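**Student:** Okay, so the sequence shown: first residue is 13 according to our numbering, each after it adds one. One structure is given below, represented as structure tokens, and several questions about it will come after.
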Amino acid sequence: MMDRPPASAGSDVSERARRLYRDAIVIDTHNDLPTKMIDEGYDPDVRHPSSQGHTDLPRLAESGITAQFLAAWVDAPYAQRGPGASFTRAIRYIDAIHTFVDRHPGHLLFATTAGDVRRAKREGKVAILIGVEGGHAIENSLDNLRALHELGARYLTLTWNNGNDWAGSSLGSGDTRTAGLTEFGRDVVREANRLGMLVDVSHASDQTLADVLETSSVSVIASHSSARALADHRRNLHDHQLRAIAQQGGVVCVNFFARFIDARMRHAMDEAEARSAEPLHPENDGEPPRSTPAQRLAALLARIPPTPLSVLIDHIDHIARVAGIDHVGLGSDFDGVPLTPAGMDDVTALPRIAQALIDRGYGDEDVTKVLGGNVVRLLETT
Ligand SMILES: [Zn+2]
Numbered sequence: 013m014m015d016r017p018p019a020s021a022g023s024d025v026s027e028r029a030r031r032l033y034r035d036a037i038v039i040d041t042h043n044d045l046p047t048k049m050i051d052e053g054y055d056p057d058v059r060h061p062s063s064q065g066h067t068d069l070p071r072l073a074e075s076g077i078t079a080q081f082l083a084a085w086v087d088a089p090y091a092q093r094g095p096g097a098s099f100t101r102a103i104r105y106i107d108a109i110h111t112f113v114d115r116h117p118g119h120l121l122f123a124t125t126a127g128d129v130r131r132a133k134r135e136g137k138v139a140i141l142i143g144v145e146g147g148h149a150i151e152n153s154l155d156n157l158r159a160l161h162e163l164g165a166r167y168l169t170l171t172w173n174n175g176n177d178w179a180g181s182s183l184g185s186g187d188t189r190t191a192g193l194t195e196f197g198r199d200v201v202r203e204a205n206r207l208g209m210l211v212d213v214s215h216a217s218d219q220t221l222a223d224v225l226e227t228s229s230v231s232v233i234a235s236h237s238s239a240r241a242l243a244d245h246r247r248n249l250h251d252h253q254l255r256a257i258a259q260q261g262g263v264v265c266v267n268f269f270a271r272f273i274d275a276r277m278r279h280a281m282d283e284a285e286a287r288s289a290e291p292l293h294p295e296n297d298g299e300p301p302r303s304t305p306a307q308r309l310a311a312l313l314a315r316i317p318p319t320p321l322s323v324l325i326d327h328i329d330h331i332a333r334v335a336g337i338d339h340v341g342l343g344s345d346f347d348g349v350p351l352t353p354a355g356m357d358d359v360t361a362l363p364r365i366a367q368a369l370i371d372r373g374y375g376d377e378d379v380t381k382v383l384g385g386n387v388v389r390l391l392e393t394t
């Protein structure tokens, strides 16, 4: 597959969109680059074609993005591996993120606050923030939560596909909790509030989300979730949930995964998985596969037209209409998902979102809010 030319230089992005994007604070609240670094030995310092990865230092720098949250993700099996396993795994990711930033002081800036993000913008650097994904990372200990915060983590995604002892997941993979928060779960939310760590409700079950909104004294984030009214997947949020998050001042950052946002693609992938009984992407649990998910996905996609970029923009537009323009952002899930809409092949393609919003009649101020203005506001409240 040919690597496409950088979007920032593409003729499909107008001068107006380019200028607006360049002047804006642009934030992506979820990216799984550290998983590729740790599990695949992917070198983040050199440029890769988009067919191999969505993110690396050269493309982050070229993208013009202001701030990138990198996920310190703890896979579900660590929850079964005994004391220390999940927490240590989170620390390993956090170390890898710090080491990545430390190697590139001229290009990257480790950030924990809105002020840091603004400083990165002034200095022409990319701010790197950490979100811990999977509440089992804290191993039922508020001390561990405090330690993760101390190491720079600025959100905790309460669950992954697996629920844990105190919070339920939308998928409940491996027969784990899907119910709401326990009393300890409410303590986790209160302690995160006190520390200044955002509570991330992506992946949470409906009841857990409701309990979080009842408990949290601070606005919450959905770091990588899209709209269920447009695509009926349990990882997406219902309209009443979008409104409830917005009422509390929170922000829903749209996930780019074609399987989540495009009902047509979801059905095709569901059917293909049912036939092969093997997952097409690692967010589904399954038996050890015979071929790689990438091979199975490539075979499937040869038969299905790609998801157009307009579908992603539909989700942004829907959340802006239902929750309000102050409550929507970008949470790509780049490098955590194998399939993104056409033209959204990697981090350098983000300016196309500015163009697409302008094309739909969004004014400059509203485009700026979606690109990152709303998330900066959220960081300021923590
Ligand atoms: Zn996720």
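Beta carbons are placed, not taken as given, at the ideal position from N, Cα and C, and that holds for glycine. Because the structure is a prediction, the values reported are computed rather than measured.
#1: Is N43 helix, strand or coil when you go by DSSP?
#2: Between H161, V263, D282, S235, which lies nearest to G343 when the distance is taken from Cα to Cα?
#3: Candidates L32, N174, S214: which alpha carbon is nearest D345's?
#4: Give me the DSSP bridge partner(s) of E226.
#5: Our contact map puts G375 next to L321 with C-beta atoms below 8 Å; I'd like the distance itself, whole angstroms only.
#6: Does the beta-carbon of D40 have 16 or more other beta-carbons within 10 angstroms, so that it is buried, or is it exposed?
#7: For V6, I'd like the list of residues in its chain whose CB is within less than 7 Å of its CB, leaving aside the five on either flank, ordered along the chain.
#8: Straight-line CA distance for R364 to E74?
#9: Are there 16 or more other CB atoms within 10 angstroms of the CB of A332, so buried, or fewer, so exposed?
#10: V211 to G118, Cα distance in whole Å?
#11: Determine the extent of the alpha helix (DSSP H) in which R34 is found, giving its start and end residues.
#12: Check for me: the beta strand (DSSP E) holding F81 runs from which residue to which?
#13: Quick one, are the C-beta atoms of V200 and W178 less than 8 Å apart?
#14: Thinking C-alpha only, which one of S98, E226, E27, G65 is nearest T360?
#15: Three or more C-beta pairs closer than 8 Å, one from the stretch 143–156 and one from the stretch 66–86: is that the case here?
#16: Among all the DSSP beta bridges, which residues are the ones paired with S181?
#17: Indicate, with yes or no, if ligand 1 has a heavy atom lying under 7 Å from the CB of G348.
#18: Under 8 Å, do L32 and T380 count as touching if we go by C-beta distance?
#19: Please confirm whether L391 and A126 have their CB atoms less than 8 Å apart.
#20: I want to check one thing, is the minimum distance from the CB of S214 to the heavy atoms of ligand 1 below 7 Å?
#21: Assuming the contact rule is C-beta atoms closer than 8 Å, H327 and I257 should be a hit. Round their C-beta distance to whole Å, please.
#22: DSSP three-state call for L321: helix, strand or coil?
#23: In angstroms with no decimal places, state the Cα-to-Cα distance between D128 and T78.
#24: Along the chain, where does the alpha helix (DSSP H) that runs through I109 open and close?
#25: In terms of residues, what are the limits of the beta strand (DSSP E) holding A165?
#26: Pick out whichever of G76, A123, L69 has its Cα sitting closest to the Cα of H116.
#27: Would a C-beta distance cut-off of 8 Å place Y105 and A97 closer than the cut-off?
#28: Taking K137 and L121 to be in contact with their CB atoms under 8 Å, please state how far apart those CB atoms are, rounded to whole angstroms.
#29: Contact criterion: CB-CB distance below 8 Å. Does G147 meet it with respect to chain C?
#30: Among all the DSSP beta bridges, which residues are the ones paired with I316?
#31: Is the beta carbon of G76 sitting closer than 8 Å to the one on R34?
**Tutor:** Inspection of the coordinates gives the following:
#1: DSSP, reduced to helix, strand and coil, places N43 within a strand of the structure shown.
#2: Proximity to G343 across H161, V263, D282, S235 peaks at S235, based on C-alpha coordinates.
#3: Out of L32, N174, S214, S214 has the C-alpha closest to the C-alpha of D345.
#4: DSSP, once it has assigned bridges, lists no residue as partnering E226.
#5: Wrong, their Cβ atoms sit about 20 Å apart, outside the cutoff.
#6: Classification for D40: buried.
#7: Because the chain spans 13 through 394 in this model, residue 6 falls outside it and cannot be assessed.
#8: So the alpha carbons of these two residues sit roughly 14 Å apart.
#9: With 16 or more other Cβ atoms within 10 Å, it is buried.
#10: When rounded, the distance between both Cα atoms is 31 Å.
#11: Segment 27–35, the alpha helix (DSSP H) holding R34.
#12: Segment 79–85, the beta strand (DSSP E) holding F81.
#13: Yes, Cβ-Cβ distance for V200 and W178 is below 8 Å.
#14: Of the listed residues, the one whose Cα sits closest to T360 is G65.
#15: Yes, the stretch 143–156 touches the stretch 66–86.
#16: As a beta-bridge residue in DSSP terms, S181 pairs with A216.
#17: Result yes, Cβ under 7 Å from ligand 1.
#18: Against a cut-off of 8 Å, the Cβ pair of T380 and L32 comes out as a contact.
#19: Yes, the pair counts as a contact, with Cβ atoms nearer than the cut-off.
#20: Indeed, a heavy atom of ligand 1 lies less than 7 Å from the Cβ.
#21: The C-beta distance from H327 to I257 rounds to 15 Å, too long to meet the 8 Å contact threshold.
#22: L321 falls in the helix class under three-state DSSP.
#23: Linking D128 to T78 through their CA atoms gives a straight-line distance of about 10 Å.
#24: From DSSP, the alpha helix (DSSP H) with I109 extends over 97–115.
#25: Judged by DSSP secondary structure, A165 falls within the beta strand (DSSP E) whose first and last residues are 165–169.
#26: Among G76, A123, L69, the Cα nearest to that of H116 is on L69.
#27: Taking 8 Å as the Cβ cut-off, Y105 and A97 do not qualify as a contacting pair.
#28: Contact between K137 and L121 holds, since their C-beta atoms are separated by about 4 Å, short of 8 Å.
#29: Among the protein chains of the structure shown there is no chain C, as only one such chain exists.
#30: Looking at the DSSP assignment, I316 forms no beta bridge with any residue, so it has no partner.
#31: It is a contact, given that the beta carbons lie within the stated cut-off.
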